[in-house]
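Engineer:
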Amino acid sequence: MKNVIKTLEIKNFKSIKQLKLDCGRVNVFIGEPNTGKSNILEALGLLSYICYGSPASLSSFVRFENFDDLFYDRNLDESMKIGFVLLSGEHGSLEVSYKDMRFKGSFKGRLNGRDIDTSVFEFDFEDSRDKTSLNELSLFKFYRFIVKSVFERPESDFLLPPHGDNLFSLLMGSKDIKSLASQILNQFGLKLVFNRVEKRIEVLKQYEDVFILFPYSLVSETIQRIIFYLAAIKSNKDSVLVFEEPEAHAFPFYTKYLAERIALDENNQYFISTHNPYLLCPIIEKAKSVRVFLTYLRGYRTKVKPLSKADLEKVLDLDLDVFFKIKELLGESKNDSR
Numbered sequence: 175m176k177n178v179i180k181t182l183e184i185k186n187f188k189s190i191k192q193l194k195l196d197c198g199r200v201n202v203f204i205g206e207p208n209t210g211k212s213n214i215l216e217a218l219g220l221l222s223y224i225c226y227g228s229p230a231s232l233s234s235f236v237r238f239e240n241f242d243d244l245f246y247d248r249n250l251d252e253s254m255k256i257g258f259v260l261l262s263g264e265h266g267s268l269e270v271s272y273k274d275m276r277f278k279g280s281f282k283g284r285l286n287g288r289d290i291d292t293s294v295f296e297f298d299f300e301d302s303r304d305k306t307s308l309n310e311l312s313l314f315k316f317y318r319f320i321v322k323s324v325f326e327r328p329e330s331d332f333l334l335p336p337h338g339d340n341l342f343s344l345l346m347g348s349k350d351i352k353s354l355a356s357q358i359l360n361q362f363g364l365k366l367v368f369n370r371v372e373k374r375i376e377v378l379k380q381y382e383d384v385f386i387l388f389p390y391s392l393v394s395e396t397i398q399r400i401i402f403y404l405a406a407i408k409s410n411k412d413s414v415l416v417f418e419e420p421e422a423h424a425f426p427f428y429t430k431y432l433a434e435r436i437a438l439d440e441n442n443q444y445f446i447s448t449h450n451p452y453l454l455c456p457i458i459e460k461a462k463s464v465r466v467f468l469t470y471l472r473g474y475r476t477k478v479k480p481l482s483k484a485d486l487e488k489v490l491d492l493d494l495d496v497f498f499k500i501k502e503l504l505g506e507s508k509n510d511s512r
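In our numbering, the protein residues as written are 175 to 512.
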């Protein structure tokens, strides 16, 4: 893998005034709610948007109502910056500033052996948007699961960020991924069906001598989620994959299974947030290069504590109770104030 982030730096983005992270192959963010885990991931989502988003799709990568929500304390006097250095030494930095009543994003760096210095988007408060895609940022792939039945995009190389709009074509074109999805559904007596005219995934079940067809969107969300994230893992190589709470609404068995697939996949780098020990502990146990970051707030600013080897051993000892002991990992008592 050449596309591995060595260091990630974020300034003036949402609740983050300034953070600099030394990254591993698998990076997991834990912490209490509203401490900025999602904001760290969405900083990477903004880089993914530059390559994969349309002008109107930014809210699929980053949560906001008005564009100034993306700036720390909505302070437009200071630029927002998201920078990274890869293990290869190549690097890049996105800077977003407010000038002449417009939000202007520019990217500088060196990627794929090419020096880059270009404008990537301009937005205003009236929702007028202008965006240029930058293929050099194709390594950043931010995924956020939503329930879908129709998948209209025809590309079949890898699952498209953020919502997998090409899952139909990917399953049709990849024997391995189709087999994975079929194995999961077969456990429940279900079969995949592909409606090629409407680009719709459907599911077939048999009751006595009757075959019944129903939309894929009506299948258990656990099953849809596991297929979505397995498709992302299996279809990508040499990429930075960003998953926000991939275990949400999932049965523990499949959460643990997903964690093990992430831990053992050496073809991609991961940035993940979680509140689930069934995802966290298997990753710590099985991944060769894992960094766990504990997020917390100080003065309404997101801060991060990288967990040491001793901390990780404590996490494994705590097992299912780890998320009840966050303050202990942070070195606080239950009565400490923020």
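Ideal Cβ placement from N, Cα and C applies to all residues, glycine included.
To the nearest angstrom, how far is it from the Cα of residue 398 to the Cα of residue 430?
Structural biologist: Mapped onto the sequence shown, residue 398 falls at position 224. Mapped onto the sequence shown, residue 430 falls at position 256. Rounded to the nearest angstrom, the two C-alpha atoms are 16 angstroms apart.
Engineer: Can you list, in chain order, the residues of its chain with a C-beta nearer than 6 angstroms to that of residue 354? Leave out the 5 residues immediately preceding and following it.
Structural biologist: Residue numbering aside, residue 354 sits at position 180 when the sequence shown is read from its first letter. Counting only Cβ-Cβ distances below 6 angstroms, and skipping sequence neighbours, we find 404.
Engineer: Report all residues from its chain with a CB closer than 6 angstroms to the CB of residue 412; omit the five preceding and five following residues, and keep chain order.
Structural biologist: For the purposes of this step, residue 412 is taken as residue 238 along the sequence shown, with counting starting at 1. So the list reads 175, 177, once near-sequence residues are dropped.
Engineer: Does the CB of residue 335 have a neighbour CB from chain B at under 8 angstroms?
Structural biologist: No chain B appears in the structure shown, which is made up of a single protein chain.
Engineer: Could you tell me whether the Cβ atoms of residue 179 and residue 232 are closer together than 8 angstroms?
Structural biologist: Mapped onto the sequence shown, residue 179 falls at position 5. Mapped onto the sequence shown, residue 232 falls at position 58. In this structure, residue 232 does not lie closer than 8 angstroms to residue 179 by Cβ.
Engineer: With DSSP as the reference, label residue 450 as helix, strand or coil.
Structural biologist: For the purposes of this step, residue 450 is taken as residue 276 along the sequence shown, with counting starting at 1. Note: residue 450 maps to coil in three-state DSSP.
Engineer: Using 8 angstroms as the threshold, is the C-beta distance between residue 536 and residue 204 below it?
Structural biologist: The requested residue 536 is not part of the displayed model; the chain covers only 175 to 512.
Engineer: Note down, one range per segment and in chain order, each beta strand (DSSP E) of at least 3 residues found wholly within the stretch 418–499.
Structural biologist: Runs found: 443–447, 464–472, 475–480.
Engineer: Tell me where the beta strand (DSSP E) around residue 196 begins and ends.
Structural biologist: Start at 1 with the first residue of the sequence shown, and residue 196 comes out as number 22. It spans 190–196 - the beta strand (DSSP E) in which residue 196 sits, taken as one unbroken run.
Engineer: Given a cut-off of 8 angstroms on the beta-carbon distance, is the pair residue 469 and residue 282 in contact?
Structural biologist: By 1-based counting over the sequence shown, the position of residue 469 is 295. By 1-based counting over the sequence shown, the position of residue 282 is 108. Not a contact, by the Cβ cut-off of 8 angstroms.
Engineer: Any idea if residue 498 is buried or exposed, counting beta-carbon neighbours within 10 angstroms, 16 or more meaning buried?
Structural biologist: The sequence position of residue 498 within the sequence shown is 324, counting from 1. The residue is exposed, with fewer than 16 neighbouring Cβ atoms inside 10 Å.
Engineer: Measuring straight from C-alpha to C-alpha, what distance separates residue 310 and residue 488?
Structural biologist: Mapped onto the sequence shown, residue 310 falls at position 136. Mapped onto the sequence shown, residue 488 falls at position 314. So the alpha carbons of these two residues sit roughly 40 angstroms apart.
Engineer: For residue 196 and residue 182, what's the separation of their Cα atoms in angstroms?
Structural biologist: Your numbering for residue 196 matches position 22 in the sequence shown. Your numbering for residue 182 matches position 8 in the sequence shown. Cα-Cα distance, rounded: 7 angstroms.
Engineer: Only counting runs of 3 or more residues, tell me where the beta strand (DSSP E) segments fall wholly within the stretch 271–349, in order along the chain.
Structural biologist: Correct list: 276–285, 288–297, 303–305, 314–317.
Engineer: Specify the secondary structure class of residue 510 as computed by DSSP and reduced to three states.
Structural biologist: Here residue 510 corresponds to residue number 336 of the sequence shown, with the count starting at 1. With a pLDDT of 46 at residue 510, under the threshold of 50, the modelled position of this residue cannot be trusted, and the question is left open.
Engineer: Cβ of residue 496 within 8 angstroms of Cβ of residue 451?
Structural biologist: Position 322 of the sequence shown, counted from the first residue, corresponds to residue 496. Position 277 of the sequence shown, counted from the first residue, corresponds to residue 451. Yes. Within cutoff.
Engineer: Where are the beta strand (DSSP E) runs, 3 residues long or more, that stay fully inside the stretch 191–248, in chain order?
Structural biologist: With a minimum length of 3 residues, the continuous beta strand (DSSP E) runs that stay inside the stretch 191–248 are 200–205.
Engineer: Quick one: residues in its chain with C-beta nearer than 7 angstroms to the C-beta of residue 457, no 5 flanking neighbours on either side, listed in chain order?
Structural biologist: Here residue 457 is taken as the residue at index 283 of the sequence shown, counted from 1. Closer than 7 angstroms at Cβ, skipping near neighbours: 200, 202, 433, 436, 437, 464.
Engineer: Determine the DSSP secondary structure at residue 183, reduced to helix, strand or coil.
Structural biologist: Along the sequence shown, read from residue 1 onward, the residue named residue 183 stands at position 9. The answer is strand: DSSP assigns residue 183 an E or B state.
Engineer: Where does residue 356 sit, in a helix, a strand or coil, going by DSSP?
Structural biologist: Numbered from its first residue, the sequence shown carries residue 356 at position 182. Residue state, collapsed to three classes: helix.
Engineer: If you follow the beta strand (DSSP E) that residue 388 is part of, which residue opens it and which one closes it?
Structural biologist: In the sequence shown, residue 388 corresponds to position 214, counting from 1. Counting along the chain, the beta strand (DSSP E) containing residue 388 begins and ends at 384–389.
Engineer: Do residue 285 and residue 221 have their CB atoms nearer than 8 angstroms?
Structural biologist: Position 111 of the sequence shown holds residue 285. Position 47 of the sequence shown holds residue 221. Cβ distance not < 8 angstroms, so residue 285 and residue 221 don't count as in contact.
Engineer: Between residue 189 and residue 475, how many whole angstroms is the CB-CB distance? I'm expecting something under 8 angstroms.
Structural biologist: Along the sequence shown, one-based indexing puts residue 189 at 15. Along the sequence shown, one-based indexing puts residue 475 at 301. The pair is a contact, with the Cβ atoms about 6 angstroms apart (cut-off 8 angstroms).
Engineer: Just to confirm, is the Cβ distance from residue 303 to residue 295 under 8 angstroms?
Structural biologist: The residue given as residue 303 occupies position 129 in the sequence shown. The residue given as residue 295 occupies position 121 in the sequence shown. Cβ atoms of residue 303 and residue 295: closer than 8 angstroms.
Engineer: Assuming residue 298 contacts residue 276 (C-beta within less than 8 angstroms), just tell me the rounded distance between them.
Structural biologist: In the sequence shown, counting from the first residue as 1, residue 298 sits at position 124. In the sequence shown, counting from the first residue as 1, residue 276 sits at position 102. Between residue 276 and residue 298 the Cβ distance is about 5 angstroms, and since that is below 8 angstroms, they are a contact.
Engineer: First and last residue of the alpha helix (DSSP H) that includes residue 370?
Structural biologist: For this step, residue 370 is matched to residue 196 along the sequence shown. Run containing residue 370: none; DSSP gives neither H nor E here.
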